[in-house]
Amino acid sequence: MLGILDSGLGGLSVWRELKNLSPEKGALYFADNKRAPYGNLTKEKIFIYAKESIDHLIDLGATHIAIACHTIATTVGPLLKHCCKADILDIASHSTTLFPPSKKVAIIGTTATIHSKFYDRVLKERLASSTPCPNLVPMIESGVIDNDIIKKSLEGIHKDAEFLFLACTHFPLIKEHIQFFCPDLCLIDPAYSFAKVLLPYAKTGRDEFFATKSPADFHTHASIFCPGKKVPFPFLIKSLYSPLIT
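Quick note: the numbering used here has the sequence shown finishing at residue 270, numbered continuously throughout.
Next comes the structure, spelled out in structure tokens:
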């Protein structure tokens, strides 16, 4: 059974591509939305929260975990692969194969992802700019699109960029809005190709969703970003293995 982990709605960009590829395949989706956004947290907190969520997915029956969150993958992905009792696939490692050769690539992501410099090290001289966009995830999680926030968040993209890599799985949920403000850039969205990698690990059957906060709000917002998809109403996870760290 495949488990998909994100801090909230972002992993839906991968889940909906999985459903596009094979509607009969199901997965467990875990949204730790009570402690979102992860992008503004310390590395230590990201590790603890992600490890607890992965352990919960394993208890629910997941044998393969898809880290559908660049923040988790770029900051603590290797640590999680070392200490978790499941096969883990992460979107960051997958994304390194998607950058076009000899092209200037700009990156937008959460503060934690950008500060990790994971993609800077991969791109090296091909990096045009690396811009943290801390306001985009909270906006998306609210379910209310604000074009002023989007426009301001994209101001740091360097003019020499030819491609724009969406280094946060939340961002493809507003891909059309981003493209509107960046009409000359080719967007790189890893959701579809990552979903193709995950497809063999998804079992035929129904999807089950879990959230650590406000299942009704999560379901409402998820349905907006996944039109035409039957989004399951999430089970509420009231607590994980240790007290919430503040």
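Where a beta carbon is used, it is the ideal one built from N, C-alpha and C, also for glycine. Since this is a predicted model, take the numbers as computed values, not measurements.
Starting from Ile10 and walking both ways along the beta strand (DSSP E), at which residues does that stretch end? Since the first residue shown for the chain is 25 and the last is 270, residue 10 is missing from the structure and cannot be characterised.
Do His245 and Leu33 count as a contact pair if the criterion is CB distance below 8 Å? yes
Starting from Ala152 and walking both ways along the beta strand (DSSP E), at which residues does that stretch end? Leu151 to Pro156
Classification of Leu259 by the beta-carbon crowding that lies within 10 angstroms, buried from 16 upward: Correcting the residue identity first, residue 259 is Phe in this sequence and not Leu. Flag for Phe259 reads exposed.
Do Thr121 and Pro158 count as a contact pair if the criterion is CB distance below 8 Å? no
Starting from Tyr53, follow the alpha helix (DSSP H) in both directions and report where the run begins and ends. Counting along the chain, Tyr53 falls outside any alpha helix (DSSP H), though it belongs to the beta strand (DSSP E) covering Leu52 to Ala55.
With a threshold of 7 Å (Cβ to nearest heavy atom), would Thr244 be considered close to the ligand ATP? Among the components of this structure there are no ligands whatsoever, and the ligand ATP is therefore not found.
Once the 5 residues before and after Ala235 are set aside, which same chain residues still bring their CB inside 6 Å of it? Ala55, Asn57, Phe242 and Pro258
Which of the three DSSP states is assigned to Ile269 in this structure? Unreliable placement is indicated for Ile269, whose pLDDT of 44 sits below 50; the coordinate value is still reported in the next sentence. DSSP places Ile269 in coil when its eight states are reduced to three.
On a CA-only basis, which of Lys254, Tyr62 and Pro124 is nearest Ile138? Give me that one, please. Tyr62
Closest residue to Phe204 among Val129, Lys175 and Ser154 (Cα-Cα distance): Lys175
Buried or exposed for Asp172, going by 16 or more other Cβ atoms inside 10 Å? exposed
Could I get the ranges of all uninterrupted alpha helix (DSSP H) runs contained in the region 171-257, with 4 residues as the minimum, in chain order? 171-177, 199-205, 215-222 and 239-249
Please report the residue range of the beta strand (DSSP E) in which Gly133 lies. Val129 to Gly133
In the DSSP output, what is Gly27 paired with across the bridge? Leu52 and Ile89
Taking Ala86 and Gly27 to be in contact with their CB atoms under 8 Å, please state how far apart those CB atoms are, rounded to whole angstroms. 3 Å
Would you say the region 107-119 touches the region 217-224, given that touching needs at least three Cβ pairs under 8 Å? yes
State yes or no: is the C-beta of Arg150 within less than 8 Å of the C-beta of Val129? yes
Just list the residues that DSSP pairs Phe259 with in beta bridges. Phe234
Is it right to say Val255 is buried, meaning 16 or more other beta carbons lie within 10 angstroms of its own, or is it exposed? buried
Would Arg230 be called buried (16 or more neighbouring beta carbons within 10 Å of its own) or exposed? exposed
Quick check on Lys183: buried or exposed, where buried means 16 or more other Cβ atoms within 10 Å of its Cβ? exposed
Give me the residue from Ala191, Asp79 and Thr66 with the minimum Cα distance to Leu147. Ala191
Beta carbon of Val100, beta carbon of Lys67: below 8 Å? yes
Measuring alpha carbon to alpha carbon, tell me which of Pro162, Leu65, Asn44 and Asp83 ends up nearest Pro251. Asn44
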